[in-house]
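Line by line, the protein sequences are chains C and G.
Quick note: the first sequence uses this note's numbering, first residue 83, plus one each step.
Quick note: the second sequence uses this note's numbering, first residue 952, plus one each step.
Working notes, structure below.
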Amino acid sequence: MAKLIVSILLTALLSFVCGLFLPWWGFALAAFVVALLIPQRPLFAFFSGFIALLLLWGGLAVAIDLPNQSILSAKVAAILPLGGSTYLLIFVTGFVGALVGGGAAITGSFLRPVRSE
Amino acid sequence: MRIVPFLISLFLTTGLIFCLNRQWDLGDNKKTPVLGSFLSPQHGFWQNAEPVGSDFNGTVHLPGLEGKGEVYFDEYLVPHVYAKSEADACYIQGYLHAKFRLWQMEFQTFAAAGRLSEVLGAGKDEVYIKYDRSMRRLGMVEAAKAELAEIEKDSVSKRDCDAYTAGVNAWIGQLKEGDLPLEYKLLNYKPEPWNNLKIALFIKDMAYELAGGDNDFEMTNAKSYFSREDMAKLYPSIQDSLDPIIPKGTKFLTPSFLPKAPAGADSLYFNNPVTITDREMGSEKSNGSNNWAVSGTKTISHAPILCNDPHLNTTMPSIWYQMQIHTPGYNVYGVSFPGAPFVIIGFNDDCAWGITNAGRDVRDYYSIRFKDETRREYWFNKEWKTAEMRVDTILIRGQQPFYDTVMTTVFGPVMFDESFTGFSDVASSRSYAVRWKAADPSNEMATFSRFQSIRSYDDYKQALLTFKCPGQNFVFADKSGVVAMRQEGEFPAKWKGQGLYVMPGEDSSYLWQRSIPREENPYMFADSANRGFVSSANQEPVDSTYPYYLGSDFPIYRGLIINRLLNNMNSITPADMMKMQTNTYDVFAEMARPLLLKYIDRGQLNDKATGYLNTVRQWNLYNNPLEEGPVIFNYWWNQLYKNILDDEFSKASVSMTRPQESTVVEALIKDSAWSFVDNVNTPQKEGLTQEVTDAFLKIIPQLRQDEQNDRITWAKNKDTWVRHLLRIPQLSREHLPIGGGARCINAAKQFHGPSWRMIVHLTNKTEAYGVYPGGQSGNPGSPYYDNFVDYWATGRYYPLWVMGPEEVKDQRVKWVMHFE
């Protein structure tokens, strides 16, 4: 459990840092590396990457959307089209990041020696 | 290590990233954004979500700034720029334009240069390629280069444009992916460096918008179809009810030069039947505007009041950016064009000015005879002359480039030929060259540069000398009490009928000859005309005693109502002017309604129809948002117009100019048996009663449907938008509750209308008001994106605060940006 939480937090933190310097997919490297370093079963690795990015991208979206009073998210959610729903747009944002994060993490975990943990 | 699961998950994950890292085609020429980066909260659209109550304070380092500068933003995000020199002011203005409006200024200059396909792809039916070819063939880029050469010859213009460009580039240079305006992220491209040519392109874009329209082809077709007698009936050169800008009866200077029609013009030009199938790009024909100024004799304060509302496409982001600029040389307030330096419409400490479009015909076509299909040589002055050739490369997103070979003749570039028929689907081997005033070298920037610091009528007149195209009506008022109007620009002196139709292009006799000398351009003073005011609303500037031919196709109704109201007003206040700028009275309906009511046969109407008739009969002639009268009236009139003219016009297989509605209504008032009333497709002879009644009965089903769909009231029926430049509804403001219309002073149509309303009261301390449909920020994620729209729609104004140097601590200053 502790490993899971550490993985999630570390992935989220490194992903954020990658986002500052790298293109949008930079966080995949972070999720991959964390899964490579912290031994977890593949499914757990997937969840740590998934949850980390769900929290990071979803959380950042919420943190941006609240002070913006959803001015932009309502417009973009109507264009995409998500029926103008800010909630759905935040969810989609988090989910897209999470899917890539989870995928990168499980890929990293498969690279670890089998049952070394 | 589990190699197979590793490879599978690696493949799936990189595949997912790959899919999220590209645009997907949605058909119908629509593409998704690059979803991965678009959704990324650190790169994509979320970064454009500006916190409400953002802090705009800051310090900006601009290399090469001569002194320190300050920008004080008020609560509307209007910047009050305090610069140590004029060049610094342009530098800071460039920076601010880019900071708040970068995408639109680049997009508009791309459009001007014929580069839309580069950003948007080929488009449905290759519409963007056709657009780009049209702009390139017209010579927009060459015209901009000629303008740039003139700008660079003038040391002040060059200095200011260089500084402006440096300001724009200072902003672009520090942009990170996340900072890009939303539209770049939606379309997936990046801005390129700004340069002075783009400023010139922006000016040419305005010339295109305001002086790039004509109906030479449609008129040529009409003259080939109708008899000379019918032509005079359908297209009179002056309307009876015209009230010109310069009052009727004004004496004009004896012309220094009178152009003469070439020998043989009757047979070779006026009566030579030709039909043309090529189609020009439809530029906005209804670009209009109002401006007027009243002298102190008519105001309560005894100080002049100047008003202007230019009508353009109502777009998001707005074409205008409001600002005050204070330098050692001037203190000016008004609206600027993101894409060019200076305040374009506004006022300084001494004077105010405003503009409307002159609408003179400065674009003509010549029929070119090429020797063969290589189009290398054309027949001119009895010999084969070699045409200049250039190849334009049009880059197209997602496709191979398109290479367009364009020939240029002594008349100008060949706009249409076998390889390009414009927006027509009909093949044609004929060639037409275009002569356009905006292609001539000129420096319109110099006029605005001088306007910033004009102190008197003489300064204003002097500043106008460099203004050539698009011709405008420049209204002027100053604190000494002078109130004036000048129609300015360099206009070709034309013989009567020159350029009304496509002209023969085989010898020099049909060329434009000289320009009208500047002192012969129409002008007037409010007081010398003993009228106490000047006004313009795109109507014909003068009556038929003016010695030069002006072209036709001028709208008359806004001018009529403006002059009627101003004539009857005294002790005027700015509040009166606000009421007037938002006035929705319809003079055309005032003339046409009695005609309709006189000829309708009430016996044929059922109860429902009688109800509609009573509504239109009792209507107060104001196009107010909740009125049903204007809806019924406009349907009725439009149907009658079709009833009367469709039979004749649909018989011709080519497109022809439809007569102005003022022509038709005036003809019908004078003669109810006007020859076009009869339907030529039926054996019997229709009379006006029959046509008017039939038109009314035909609109009843539509009215009933509108009633069910809640579209029977004027604002809902007209449906005014302030539309995003990419026509994305979600980034636009739709369904605004605004009245008015094309023929009203408040000329708010569906996508077009008063783009800036300004009222300047030239009292000791200037009192001014203004509003535009938009907001200071071009960012759809900002609360300042559209915050002026509701005020504009409901006819309210903001006070324009000319901030003094002693007011830097004033409560109205919300943020300060330091430039060093």
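The C-beta atom is built at its ideal place from N, Cα and C for all residues, glycine as well.
- At least 9 Å separates the CB of SER130/C from every CB of chain G.
- Distance from the CA atom of PHE128/C to the CA atom of VAL178/C, rounded to whole angstroms, is 14 Å.
- Residues of chain G with a Cβ closer than 9 Å to the Cβ of THR168/C do not exist, since the nearest Cβ in that chain sits about 10 Å away.
- Under the DSSP assignment, ILE1256/G falls in the beta strand (DSSP E) whose first and last residues are 1256-1264.
- Approximately 13 Å separates the beta-carbon atoms of GLU1617/G and TYR1592/G; this is outside 8 Å, ruling out the contact.
- Under a 10 Å Cβ-count criterion, ASN1424/G is classified as buried, with 16 or more other Cβ atoms of the shown protein chains found around its own Cβ.
- Look at VAL1673/G: its C-beta is not under 9 Å from any C-beta on chain C.
- Taking 9 Å as the CB threshold, LEU119/C stays off the interface with chain G.
- In the same chain as VAL88/C, and ignoring 5 residues on each side of it, the C-beta atoms closer than 8 Å to its own belong to ILE120, in chain order.
- Against ILE153/C, the close residues of chain G are ALA1000, GLU1001, VAL1003, PRO1731, GLY1732, SER1733, PRO1734, TYR1736, in the order they occur along the chain (beta-carbon pairs closer than 9 Å).
- In this structure VAL955/G is exposed. Its beta-carbon is surrounded by fewer than 16 other beta-carbon atoms within 10 angstroms.
- Under the Cβ distance rule, ARG1465/G does not count among the residues neighbouring chain C, no pair being separated by less than 9 Å.
- In terms of CA proximity to ASN1332/G, PRO1455/G leads the group PHE1505/G, ILE1080/G, GLN1681/G, PRO1455/G.
- According to the DSSP assignment, ASN999/G belongs to no alpha helix (DSSP H), since it is labelled neither H nor E.
- Between PHE126/C and chain G, the shortest Cβ-Cβ separation is not below 9 Å.
- The beta strand (DSSP E) runs of length 3 or more contained entirely in the stretch 1479-1560 of chain G are, from start to end of the chain, 1484-1487.
- Scanning its chain for C-beta atoms nearer than 7 Å, with the 5 sequence neighbours on each side dropped, one finds around ASN972/G the residues VAL985, GLY987, in chain order.
- For the pair GLY165/C and ALA156/C, the Cα-to-Cα distance works out to about 9 Å.
- The beta carbon of GLY165/C sits no closer than 9 Å to any beta carbon of chain G.
- Taken residue by residue, none of the stretch 1400-1420 of chain G has a beta-carbon sitting less than 9 Å from a beta-carbon on chain C.
- Residue environment analysis places PRO1756/G among the exposed positions, since fewer than 16 neighbouring C-beta atoms fall within 10 angstroms of its C-beta.
- Note that the C-beta distance between ALA1389/G and GLY1163/G is below 9 Å.
- Considering only beta carbons, the part of the stretch 177-188 of chain C lying closer than 7 Å to chain G consists of VAL178, LEU181, VAL182, GLY185, ALA186, ILE188, in chain order.
- Its chain contains GLY108, PHE109 as the residues whose beta carbon lies nearer than 8 Å to that of GLY101/C, once the 5 sequence neighbours on both sides are disregarded; these appear in chain order.
- From the listed residues PHE1647/G, SER1733/G, HIS1277/G, the smallest Cα separation to LYS1019/G is found for HIS1277/G.
- Looking at the DSSP output, PRO1750/G sits in a beta bridge with TYR1720/G.
- Proximity to ASN1514/G across PHE1484/G, ALA1000/G, MET1267/G, GLY1721/G peaks at PHE1484/G, based on C-alpha coordinates.
- The Cβ of ILE161/C sits closer than 9 Å to at least one Cβ of chain G.
- SER152/C places its beta carbon 9 Å or farther from that of THR93/C.
- In this structure TRP1335/G is exposed. Its beta-carbon is surrounded by fewer than 16 other beta-carbon atoms within 10 angstroms.
- Taking CB atoms only, GLY1638/G has no neighbour in chain C less than 9 Å away.
- About 45 Å separates the Cβ atoms of GLY1200/G and MET1056/G, ruling out a contact at the 8 Å cut-off.
- Taking a Cβ-Cβ threshold of 7 Å, the residues of chain G close to VAL196/C are MET952, ARG953, in chain order.
- Close to chain C, meaning a Cβ-Cβ distance shorter than 9 Å, are the following residues of the stretch 976-994 of chain G: THR983, PRO984, VAL985, LEU986, GLY987, SER988, PHE989, LEU990, SER991, PRO992, GLN993, HIS994.
- Close partners of LYS157/C in chain G (Cβ separation under 7 Å): GLN1681, LEU1682, PRO1731.
- Within the same chain, LEU1547, TYR1550, ILE1551, LEU1591 come within 7 Å of VAL1643/G by CB-CB distance, once the 5 residues on both sides are set aside.
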